[in-house]
Amino acid sequence: MSLPYIEPDYDIHLNLAIVLVIIHLLSVTNRGTLKINNERLHIFLYLLKNPVKLNGVLNALGKGSILLNEQSTFSVSSISSNVDSLFDRAALKSLISILITKKLIQVVYKNKDGFFYKITEQGATAVDNLSGEYVYENKLLCEKLKGVLSFSESQLNQALNQVIRKESM
Amino acid sequence: MASSILINHLIVVGRNKNYKVDFNPGVNIIYGDSATGKSSILNLIDYLLGAKSFSLYPEIEAVARYAVLDVTLNEDRYTIKRDIFNPTKPIEVFPCEYSKVEEYKPKKYLPNFKPNSNYPDMGFYSEFLFDALNFSNVKIKEAPTKDDSKLVRLSFRDLFKYCYVDQDDLGSKKFLRPDNYSLQARFGEVFKYIFNTLDSNVSSLDNQISAKSKERKKLDKTFTTVSDFLRESEFGSMPALDNEITIIDKEAGELQDKLKQLNTSQTVDEEVYKSIKAVLSDIALNKKALLQNMQEAELKIDRFTRLKNEYLNDIAKFKASLAAKEVIGEVSKESTLCPVCDNSLEVDAALEKFDINPNDKINYEINVLKRRAKDTKSLVSDTRLKWESYKVKLRELDIAESNARKLMDENTEELSTPYLAERDMYVKKIGELTQKRKDLVERLKIRNQHNHLTETIKSLDIRIGQLRGQREELKKAAPSMVDVLSNLADNLKDYLTSIKIKSPTGISYDEKSFVAKLRGIEYPDITSGGLRTIVGIGYLCSFMQEALNSTISYPSFLMIDTVGKYLGKTKEQKYKPEESSALADASEAVSDPDKYQNIFEYIIMLASSYEQKNRTCQFILVDNDVPDHIVDELSGFIVAHFSSERSNGLPVGFIDDADQYLAQAEDKTNVQVTTSYTIESNTPSLPDGLLSDRSASTETPPLLPPAPDVDTEEES
Numbered sequence: 006m007s008l009p010y011i012e013p014d015y016d017i018h019l020n021l022a023i024v025l026v027i028i029h030l031l032s033v034t035n036r037g038t039l040k041i042n043n044e045r046l047h048i049f050l051y052l053l054k055n056p057v058k059l060n061g062v063l064n065a066l067g068k069g070s071i072l073l074n075e076q077s078t079f080s081v082s083s084i085s086s087n088v089d090s091l092f093d094r095a096a097l098k099s100l101i102s103i104l105i106t107k108k109l110i111q112v113v114y115k116n117k118d119g120f121f122y123k124i125t126e127q128g129a130t131a132v133d134n135l136s137g138e139y140v141y142e143n144k145l146l147c148e149k150l151k152g153v154l155s156f157s158e159s160q161l162n163q164a165l166n167q168v169i170r171k172e173s174m
Numbered sequence: 116m117a118s119s120i121l122i123n124h125l126i127v128v129g130r131n132k133n134y135k136v137d138f139n140p141g142v143n144i145i146y147g148d149s150a151t152g153k154s155s156i157l158n159l160i161d162y163l164l165g166a167k168s169f170s171l172y173p174e175i176e177a178v179a180r181y182a183v184l185d186v187t188l189n190e191d192r193y194t195i196k197r198d199i200f201n202p203t204k205p206i207e208v209f210p211c212e213y214s215k216v217e218e219y220k221p222k223k224y225l226p227n228f229k230p231n232s233n234y235p236d237m238g239f240y241s242e243f244l245f246d247a248l249n250f251s252n253v254k255i256k257e258a259p260t261k262d263d264s265k266l267v268r269l270s271f272r273d274l275f276k277y278c279y280v281d282q283d284d285l286g287s288k289k290f291l292r293p294d295n296y297s298l299q300a301r302f303g304e305v306f307k308y309i310f311n312t313l314d315s316n317v318s319s320l321d322n323q324i325s326a327k328s329k330e331r332k333k334l335d336k337t338f339t340t341v342s343d344f345l346r347e348s349e350f351g352s353m354p355a356l357d358n359e360i361t362i363i364d365k366e367a368g369e370l371q372d373k374l375k376q377l378n379t380s381q382t383v384d385e386e387v388y389k390s391i392k393a394v395l396s397d398i399a400l401n402k403k404a405l406l407q408n409m410q411e412a413e414l415k416i417d418r419f420t421r422l423k424n425e426y427l428n429d430i431a432k433f434k435a436s437l438a439a440k441e442v443i444g445e446v447s448k449e450s451t452l453c454p455v456c457d458n459s460l461e462v463d464a465a466l467e468k469f470d471i472n473p474n475d476k477i478n479y480e481i482n483v484l485k486r487r488a489k490d491t492k493s494l495v496s497d498t499r500l501k502w503e504s505y506k507v508k509l510r511e512l513d514i515a516e517s518n519a520r521k522l523m524d525e526n527t528e529e530l531s532t533p534y535l536a537e538r539d540m541y542v543k544k545i546g547e548l549t550q551k552r553k554d555l556v557e558r559l560k561i562r563n564q565h566n567h568l569t570e571t572i573k574s575l576d577i578r579i580g581q582l583r584g585q586r587e588e589l590k591k592a593a594p595s596m597v598d599v600l601s602n603l604a605d606n607l608k609d610y611l612t613s614i615k616i617k618s619p620t621g622i623s624y625d626e627k628s629f630v631a632k633l634r635g636i637e638y639p640d641i642t643s644g645g646l647r648t649i650v651g652i653g654y655l656c657s658f659m660q661e662a663l664n665s666t667i668s669y670p671s672f673l674m675i676d677t678v679g680k681y682l683g684k685t686k687e688q689k690y691k692p693e694e695s696s697a698l699a700d701a702s703e704a705v706s707d708p709d710k711y712q713n714i715f716e717y718i719i720m721l722a723s724s725y726e727q728k729n730r731t732c733q734f735i736l737v738d739n740d741v742p743d744h745i746v747d748e749l750s751g752f753i754v755a756h757f758s759s760e761r762s763n764g765l766p767v768g769f770i771d772d773a774d775q776y777l778a779q780a781e782d783k784t785n786v787q788v789t790t791s792y793t794i795e796s797n798t799p800s801l802p803d804g805l806l807s808d809r810s811a812s813t814e815t816p817p818l819l820p821p822a823p824d825v826d827t828e829e830e831s
């Protein structure tokens with residue numbers, strides 16, 4: 006299906022970049038605990054793409070809010086709520102595959118907790134080299150998201166549900 | 116027109132049967148032994164014609180319920196019904212003969228002139244009789260010589276005195292000249308009334324003069340009283356009142372003008388108010404439109420801004436994509452093996468979900484978006500400018516509106532309020548003036564009324580003068596009393612001559628007392644009782660004769676009780692002459708049966724002359740019994756039917772008892788001398804068993820003492 010214009014949210018490189026940023030900034034806590042598994046990665050990817058909702062989740066979890074620029078809050082997409090990507094696990098897995106083949110991330114298996122993702126050196130360099138307004142913005146958001154790493158996946162899901170329901174009402 | 120009373124039947128309605136006496140036109144003779152109730156028949160007739168009372172006697176009280184008189188008054192037949200136990204009860208008059216009373220409703224009349232509170236609107240019986248006889252209903256003076264004498268109603272009873280002489284009055288000295296002076300005066304007035312010398316016109320003129328004189332006196336008094344009152348209460352004279360009214364009218368006019376002006380200015384103010392209101396509604400409309408525009412503009416700004424931001428976001432995203440491509444490198448379509456599980460990692464799956472855009476395409480898209488963002492931005496700023504201008508306009512309108520409101524408030528509060536107060540004041544003042552004017556006009560009316568009194572008095576004076584003149588003229592034109600008296604004297608002379616009394620000379624009527632004179636001696640001074648009886652009957656017969664010759668107010672009806680009183684011919688003399696009178700009677704030879712017979716003959720002759728002139732008259736004569744020799748002499752047949760020996764039937768109702776008999780004609784073919792007069796006939800065969808029993812005991816003396824034939828004639 007080809008549209009007369011291209012939709013940036015479905016650009017593969019953009020999505021790869023965001024996933025890389027998430028893994029780079031959030032995969033390991035200060036204490037060295039691995040945090041990013043498929044579940045968290047999926048939620049964070051959605052939140053970064055919808056900063057208004059990210060703000061809502063932060064609020065819901067009692068982690069304050071971030072100052073968003075008008076550009077991201079006052080837009081057409083900010084008042085529409087497209088939750089399709091939240092249920093598309095396959096798309097995310099395909100992105101992970103690509104990043105692994107490129108040796109930008111690695112997969113770590115942890116007893117009981119399953120698989121976690123971790124950035125490689127090559128990957129960290131790549132993130133540092135990523136420039137531009139949008140990436141910078143996402144990095145800032147990821148810094149904010151560090152505060153929610155201590156919450157379990159179910160807590161995150163609950164908060165996200167709450168925010169989406171509120172908006173759709 | 117000649118008037119007449121013709122009695123057809125007298126009926127006493129009893130509990131078991133009715134007791135009836137039939138009468139005929141002309142002469143009717145009732146005769147029988149004393150105390151047989153002959154007089155009570157006359158009394159009943161008298162009572163039914165309005166006498167004050169009827170003396171009941173035990174027999175009638177035992178059987179009777181009420182009495183009825185079937186009578187013809189002039190041309191009309193009436194049946195008169197009266198309670199015999201209660202004389203004050205209204206008398207009922209049916210306009211028909213007795214046999215038809217069931218078909219008519221009676222008219223009721225009061226028996227005397229006393230107003231009865233039970234029947235406030237009822238007429239008087241006397242007036243009915245006067246009307247029926249076509250006599251004028253008049254009032255007569257108590258004191259005939261005085262102008263303002265009190266007037267009393269002439270009663271039928273006054274008149275009837277000349278139609279009915281009972282056995283006490285006949286031959287009595289007081290018959291024609293009562294002792295009482297006022298009664299004498301009244302007799303005189305009635306006498307004048309009968310002969311039209313007291314013409315009803317004169318009488319009514321007297322009436323009017325008297326009434327008007329009284330009215331004038333009353334008005335005089337009223338005028339003085341009112342004058343005094345008006346003066347004392349400072350009522351204000353007529354010119355003063357007029358002046359005040361003029362002033363008030365002027366003031367009221369001015370106030371009205373002011374009010375008119377006020378009303379005009381109010382209209383102007385109203386127009387201003389209206390225009391302000393119109394402006395205000397315009398402003399409100401504009402404001403509404405502006406607000407709507409502003410809202411639309413706001414919506415546009417919102418949408419465009421969002422769109423612009425979206426574009427900017429997309430640009431950022433594309434730039435990031437370009438940068439990522441540089442860092443991460445192209446996504447190769449080669450599949451690599453998983454280092455852990457050796458499964459091939461397929462890139463194809465990713466390619467299904469995501470786009471791999473070439474750089475130039477992305478750059479192109481970025482440029483397009485930038486342009487769009489720019490356009491949208493300018494659109495936003497344009498709309499924002501428009502919004503600003505709307506805002507300014509709105510503020511202007513707000514100011515204009517508040518100004519208009521203020522103006523309107525000023526208009527209503529600062530202009531209308533004092534205006535209303537002013538208007539109220541004017542209206543109040545005008546109201547006060549109108550009221551004052553009304554009062555003054557009322558006062559003027561009173562003044563006018565007062566002045567009118569003077570005029571009324573003046574016109575009354577004139578009217579009284581005119582009436583006096585009229586009365587004088589009428590008196591002159593009226594038949595002269597001298598003529599009347601001489602006619603009457605002639606009649607009396609004819610009578611006395613035919614009776615054949617000794618020396619019928621010096622016959623005249625007194626000009627003042629209207630008493631008959633024989634041989635220059637007034638009736639009361641005649642010593643012979645028999646002669647007085649003869650003259651008394653002649654006196655009344657002269658009335659009958661005169662009623663035939665000329666039109667007078669006399670009903671041609673005469674009832675004489677005990678014709679032969681003092682004549683010494685009856686077997687049982689009820690009325691014994693006094694000693695002196697007895698001597699005089701002897702010298703006058705009044706007991707000569709010829710004389711007695713002559714009286715009857717004269718009366719029969721008089722009745723026949725009525726008949727010849729086709730006029731109606733009725734004589735009802737009562738006597739105890741007629742001596743046989745007279746009966747023989749008197750054309751035989753009259754007496755033949757009335758001899759006491761043969762009178763065996765007796766109407767129970769009238770007579771004390773069954774053994775008393777009223778002169779009864781056993782067959783109805785009464786004796787007729789000529790054609791006109793008939794002799795009284797009684798109810799013929801009486802089937803009543805009781806009566807029959809009693810009839811058997813003829814000639815036996817009455818079981819009960821005879822009821823006194825009391826005079827029931829009303830005393831005036």
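Taken in order, these protein sequences are the chains called A and B.
In case it helps, my numbering puts the first sequence at residues 6 to 174.
In case it helps, my numbering puts the second sequence at residues 116 to 831.
Quick reminder that beta carbons are idealized off the backbone N, C-alpha and C, glycines included.
query = CA-CA distance, A:K108 and B:L414?
reply = 50 angstroms
task = Could you check what DSSP says for B:M674 in three-state terms: helix, strand or coil?
result = strand
Chain-order list of residues whose beta-carbon lies under 6 angstroms from that of A:K149 (same chain, five-residue window excluded) = I71
ask   = Do A:Y122 and A:L53 have their C-beta atoms closer together than 9 angstroms?
value = no
task = Could you name each continuous beta strand (DSSP E) segment of 3 residues or more that falls completely within the stretch 222-282 of chain B, going from the start of the chain to the end?
result = 222-225, 254-256 and 266-268
inquiry  = To test your reading of the DSSP string, which unbroken alpha helix (DSSP H) runs of 4 or more residues are found completely within the stretch 296-366 of chain B?
reply    = 296-309 and 315-347
ask   = If we cut at 9 angstroms on Cβ distances, does B:A439 have a partner in chain A?
value = yes
query = Should the stretch 495-508 of chain B be called in touch with the stretch 474-487 of chain B, which here means at least 3 C-beta pairs below 8 angstroms?
reply = no
task = Would you kindly report the start and end of the unbroken alpha helix (DSSP H) that includes B:E207?
result = No alpha helix (DSSP H) holds B:E207; the beta strand (DSSP E) holding it covers I206 to F209.
query = Short check: CB of A:N134 to CB of A:V26, under 9 angstroms?
reply = no
key: Neighbour flag for B:T491 against chain A, beta carbons, 9 angstroms   = no
task = Evaluate B:M659 with the Cβ neighbour count: other Cβ atoms within 10 Å of its Cβ, from every protein chain shown; 16 or more gives buried, anything less gives exposed.
result = buried
message = For A:A129, would you say it is in contact with chain B, using Cβ-to-Cβ distances shorter than 9 angstroms as the test?
response = no
key: Amino acids of chain B, ordered along the chain, whose beta-carbon sits closer than 7 angstroms to that of A:V140   = A435 and A438
Runs of beta strand (DSSP E) lying entirely within the stretch 22-76 of chain A, each at least 3 residues, in chain order = none
key: Residues that B:I443 contacts on chain A, provided the C-beta gap is smaller than 9 angstroms   = H18, L21, A22, L25, I103, L104, K107, L109, A131 and L135
Alpha carbon of B:D246 to alpha carbon of B:L157, nearest angstrom = 23 angstroms
Opening and closing residue of the alpha helix (DSSP H) in which B:G286 lies = From DSSP, B:G286 is part of no alpha helix (DSSP H); its letter is neither H nor E.
ask   = In three-state DSSP terms, what is B:R292?
value = coil
task = Measure the Cβ-Cβ separation of B:P226 and B:P202 and say whether it is below 9 angstroms.
result = yes
query = Who are B:Q733's beta bridge partners in DSSP?
reply = B:G141 and B:F672
query = By how many angstroms is the C-alpha of B:N189 removed from the C-alpha of B:R94?
reply = Because residue 94 of chain B is not part of the residues shown, which for chain B are 116 to 831, the question remains open.
Contacts of A:S82 in chain B (Cβ-Cβ under 7 angstroms) = E425
query = With A:V62 and A:L145 assumed to form a contact (beta carbons below 8 angstroms), what rounded beta-carbon distance in angstroms separates them?
reply = With 8 angstroms as the limit, A:V62 and A:L145 do not qualify as a contact, their Cβ atoms being about 16 angstroms apart.
request  = Starting from the Cα of A:E138, find the closest Cα among B:I391, B:K265, B:I430 and B:R487 and give me that residue.
outcome  = B:I430
Supposed contact pair B:I324 and B:L582 - C-beta distance, whole angstroms, cut 8 angstroms = 5 angstroms
key: Short CB-CB distance (under 9 angstroms) between A:I11 and chain B   = yes
task = Answer yes or no: does any C-beta atom of chain B fall closer than 9 angstroms to that of A:E75?
result = yes
message = Measuring only the C-alpha atoms, how far is A:L21 from B:N408?
response = 46 angstroms
key: A:T78 versus A:Y10 - alpha carbon distance   = 23 angstroms
ask   = In this structure, does DSSP put B:Y219 in helix, strand or coil?
value = coil
ask   = Under 9 angstroms, do A:Y51 and A:K58 count as touching if we go by C-beta distance?
value = yes
query = Since B:T420 meets chain A, which of its residues come closer than 9 angstroms, beta carbon to beta carbon?
reply = E75, F79 and S80
Run of the alpha helix (DSSP H) containing B:L163, from where it starts to where it stops = K153 to L163
request  = Report yes or no: is there a C-beta of chain A within less than 9 angstroms of the C-beta of B:D475?
outcome  = no
key: For B:D137 and B:L805, the rounded distance between their alpha carbons   = Unreliable placement is indicated for B:L805, whose pLDDT of 38 sits below 50; the coordinate value is still reported in the next sentence. About 22 angstroms.
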